[in-house]
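Below: one structure, written as C-alpha cells.
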Amino acid sequence: MSRLQNKVAIVTGAASGIGRASAELFAAEGARVLAVDRPGADLTFEDPHIRTLAQDVAAAEAPQVIVEAALEAFGALDILFNNAGVANSTPAAQMTDEDWDRVISINLRAVFRLSRQAIPHLIQSAHGRIISTASVMALGTDYGLSAYCASKAGVLGLTRTLALELGKHGVTANAVLPGAILTGMTSSSFANPQAAEVWARKSVLRRLGQPIDVARVALFLASEDGGFVTGQAIAADGGLTLRI
Ligand SMILES: NC(=O)c1ccc[n+]([C@@H]2O[C@H](COP(=O)([O-])OP(=O)(O)OC[C@H]3O[C@@H](n4cnc5c(N)ncnc54)[C@H](O)[C@@H]3O)[C@@H](O)[C@H]2O)c1
C-alpha cells in the first residue's frame, strides 16, 4: 500500500513513541518525512525517505526552521503532524509558572505556531492536512494534570478553528486522542505491573495501546481515506473513554 505516495510530511516528537511509529509508517506508505525532535534525542531511522531535524518545537525560531527544512529537503509540504508533547503531574496548588508555561508552550503554543507557519504551504498542496496529538485527557482529567489537560483541551479548540478557517482551501485539521499508550512518556509508570494492569483494564480491549495503534489513526487522517473528515477529535484509546 502507498497511501501517502508523493506526499511530504513533517512529524514532530518523532524520536520516540507515537511520533517514531508515525514517521516510519508514513514513510512506508510512500511519504517523504521530516522527523523532528529536540536536540539530543535519538533521530536515527533506517528508511532513506526520512530526513531528520534536531529542533526544540517550543523555541522562538522553530516554526520557520522546521518548515524551511521540509521545503529545502522535499520542495513542498502536504502534511503537518504536531505530535511532540510533554506531561507534568503536579497539583495545581503547587504548580509553578515555569511548570505551567513549559507544558503549554510545547503542547499548545508550538502547535499553533508551527501550524501558522505551515498554512500557506498546506494551502498550496492539493492535499493539505494538519493532525495534532491531543489526549483523552482533553476530555477528562486526573490528579496533577491541570496544565496537561488545559494544553490538550486547547489543541481541540485550535483544531476546530483551523478546520473551519482552512476548509475552503481543502485543508483538513483533526486531532487524535490517544488513551494509555506504552511509549517513552509512560514507560516508567507502566514498568509497575499493577499500574499497567489498571490502565490496561480501563480499555474495553483490555490492553495498553502501542504507538502503532495511534500512528494508524494518524495515517488515516493523513491519507485520502480521511479526506472528508475535518475538525474532529478521534480517540485511539481501546474504548477507555466509553465508561465514565
Ligand atoms: N503515551 C500516552 O499514553 C499518551 C496519551 C495521550 C496523549 N499522548 C501524547 O502523545 C504525544 C506523543 O507522546 P508519546 O506518548 O509518544 O511520548 P514519547 O515521550 O515517547 O514521545 C514524545 C516525543 O516528543 C519529544 N518532545 C518533547 N518535547 C519536545 C520539544 N520541545 N521539541 C521537540 N520534541 C519534543 C520527545 O523528545 C519525544 O521524543 C504527546 O503529545 C503526548 O502528550 C500520549
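Numbers given in our numbering equal positions in the sequence shown, counted from 1, plus 158.
For every residue, glycine included, the Cβ atom is placed at its ideal position computed from N, Cα and C.
Ligand 1 heavy atom lying under 7 Å from the CB of A333: Sequence index remark: in the sequence shown, residue 333 carries index 175 (1-based). Checking every heavy atom of ligand 1 against the Cβ of A333, none is found closer than 7 Å.
Just to check my reading of the structure: L297 and I288 have Cβ atoms closer than 8 Å, yes? What is that Cβ distance to the nearest angstrom? Here the question's residue 297 lines up with position 139 in the sequence shown. Here the question's residue 288 lines up with position 130 in the sequence shown. Going by Cβ atoms, the distance from L297 to I288 rounds to 20 Å, so no, they are not a contact pair.
Between which two residues does the alpha helix (DSSP H) holding T408 run? The requested residue 408 is not part of the displayed model; the chain covers only 159 to 402.
Mind checking whether A321 and A311 have CB atoms under 8 Å apart? Sequence index remark: in the sequence shown, residue 321 carries index 163 (1-based). Sequence index remark: in the sequence shown, residue 311 carries index 153 (1-based). Cβ distance not < 8 Å, so A321 and A311 don't count as in contact.
Between A308 and V294, what straight-line distance do the alpha-carbon atoms span, to the nearest angstrom? As a working mapping, residue 308 is identified with position 150 in the sequence shown. As a working mapping, residue 294 is identified with position 136 in the sequence shown. Their backbone Cα atoms lie some 12 Å apart in a straight line.
For N241, which residues from the same chain have a beta carbon less than 7 Å from its beta carbon, with the 5 sequence-adjacent residues on both sides left out? Stepping through the sequence shown from its first residue, residue 241 is reached at position 83. For N241, where only same-chain residues beyond five positions count, the Cβ hits under 7 Å are V169, T170, G171, I176, G177, S180 and T291.
One or two residues paired with D291 in a DSSP bridge: The count along the sequence shown starts at 1 and reaches residue 291 at position 133. The amino acid occupying residue 291 in the given sequence is Thr; Asp does not appear at that position. Looking at the DSSP assignment, T291 forms a beta bridge with V334.
How would you label N265, buried or exposed, when you count the other beta carbons within 10 angstroms and need 16 or more for buried? Taking the first residue of the sequence shown as 1, we reach residue 265 at position 107. Burial call: buried.
Mapping the DSSP letters down to three states, classify V244 as helix, strand or coil. By one-based count along the sequence shown, residue 244 stands at place 86. In this structure, V244 counts as coil in the three-state DSSP scheme.
Helix, strand or coil, according to DSSP, for V194 in the structure here? Residue 194 sits at position 36 when you count from the first residue of the sequence shown. Looking at V194 - three-state DSSP - the assignment turns out to be strand.
Give the secondary structure of L377 by DSSP, where H, G and I count as helix, E and B as strand, and everything else as coil. Here the question's residue 377 lines up with position 219 in the sequence shown. It is helical.
Strictly by DSSP, which residues pair up with I168? Residue 168 sits at position 10 when you count from the first residue of the sequence shown. Looking at the DSSP assignment, I168 forms a beta bridge with L192 and L238.
What is the DSSP secondary structure of T399, reduced to helix, strand or coil? Position 241 of the sequence shown holds residue 399. Three-state DSSP puts T399 in a helix.
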